[in-house]
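As numbered in the working numbering, residues 1152 to 1205 make up the sequence shown, in order. Here the structure is laid out as structure tokens; the discussion comes afterwards.
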Amino acid sequence: MSHKFFAKIDRYLNLRHSERYEPRSPIVLNRQIFQISKIRRRRTLVAWLNLARP
């Protein structure tokens, strides 16, 4: 479960998600994607930690 693995998933999900909207400037888009992926990664981490707990 590397950073690259998560980045790939985030990129995929964000591409799927942003297809509906008009393309915006890459800088704004990247910042948004980074924000989203940070939140998603934290949620995933919490979920895994909860699963690991007996």
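Glycine is no exception: its CB is placed at the ideal position from the N, C-alpha and C atoms.
Original post:
What separation, rounded to the nearest whole angstrom, lies between the Cα atoms of Ser-1188 and Phe-1156?
Top reply: Straight across, the Cα-Cα distance linking Ser-1188 with Phe-1156 is about 12 Å.
Original post:
What did DSSP end up calling Arg-1204 once you bin it into helix, strand or coil?
Top reply: coil
Subject >> Length of the line joining the Cα atoms of Gln-1183 and Asn-1201 >> reply: Straight-line spacing of the CA atoms in Gln-1183 and Asn-1201 works out to 27 Å.
Subject >> C-alpha distance - Ala-1158 paired with Arg-1194, whole-angstrom precision >> reply: 15 Å
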